[in-house]
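K.L.:
When the letters of the sequence shown are read in order and numbered with mature numbering (1 follows the signal peptide of the UniProt record, and there is no 0), they come out as residues -18 to -1, 1 to 133.
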Amino acid sequence: MKSLLALFGVVACGAAVATLMSCGGGSGSSSSSASPSVQSLFAATALVSDGAVPAAHTDANLKNPWGVAFNPKGFVWVADNGTNVATLYDGNGVPQSLVVTIPDGKNGSASPTGIVFNGTQSFRVTENGKSGVAAFIFTGEGGTITAWAPP
């Protein structure tokens, strides 16, 4: 995937419509009356790309993005497997200045594959004597779990 598309809500809606259509959505009768047609309309917009495909915005860090998570303010975080960072975008795909480097683990390169937002106060992390509540938690190909706490 070379670009981040504005399809997050469409995928869920499409799955729900497909489920309803596959189960018939009827009253349980076996009559063969015609089902109403379902029309789905959406537009796909390439918001951000590493430059390999055209998009509204370019970010060189967007290499092999795997994980996607949203914070409560509507910003999207992407775990970039190919660059070992997490990048932040606003709702229009504009890259933000904050880029978080994900440290390597005991089994090698960070190579992040997943990211989750932590909205609790329960996951504290410590580094170099400083502690904070992790806002985002990452997992990588080597099985390492890492976290980022805002400064």
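All C-beta atoms in this analysis are idealised placements derived from N, C-alpha and C, irrespective of residue type, glycine included.
None of these values were measured; they are calculated from a predicted model.
Given a cut-off of 8 Å on the beta-carbon distance, is the pair Ala68 and Val76 in contact?
P.N.:
By 1-based counting over the sequence shown, the position of residue 68 is 86. By 1-based counting over the sequence shown, the position of residue 76 is 94. Contact flag unset, no.
K.L.:
In terms of residues, what are the limits of the beta strand (DSSP E) holding Gly114?
P.N.:
Residue mapping note: residue 114 aligns to position 132 of the sequence shown, counting from 1. Lys112 to Val115 is the extent of the beta strand (DSSP E) around Gly114.
K.L.:
Mark Ser31 as exposed unless 16 or more other C-beta atoms lie within 10 angstroms of its C-beta, in which case mark it buried.
P.N.:
The residue labelled residue 31 in the question sits at position 49 within the sequence shown. That one is buried.
K.L.:
Does the segment 26 to 43 come within contact of the segment 83 to 99, defined as at least 3 CB pairs closer than 8 Å?
P.N.:
Because the criterion of three Cβ pairs below 8 Å is not met, the segment 26 to 43 and the segment 83 to 99 do not touch.
K.L.:
Could you say which of Ser93, Val81 and Ala131 lies nearest to Ser104 if we only look at CA atoms?
P.N.:
Residue numbering aside, residue 104 sits at position 122 when the sequence shown is read from its first letter. The shortest Cα separation from Ser104 among Ser93, Val81 and Ala131 belongs to Ala131.
K.L.:
How many angstroms separate the CA atom of Thr121 from the CA atom of Ala92?
P.N.:
For this step, residue 121 is matched to residue 139 along the sequence shown. For this step, residue 92 is matched to residue 110 along the sequence shown. Each residue's alpha carbon lies about 8 Å from the other.
K.L.:
Whole angstroms is fine: what's the gap from Val35's alpha carbon to Thr27's?
P.N.:
Start at 1 with the first residue of the sequence shown, and residue 35 comes out as number 53. Start at 1 with the first residue of the sequence shown, and residue 27 comes out as number 45. Using only the alpha carbons, I get a separation of about 12 Å.
K.L.:
Suppose you measure from the CA of Gln78 to the CA of Tyr71; what does that come to, to the nearest Å?
P.N.:
Against the sequence shown, residue 78 aligns to sequence position 96. Against the sequence shown, residue 71 aligns to sequence position 89. Cα to Cα, the separation comes out at about 5 Å.
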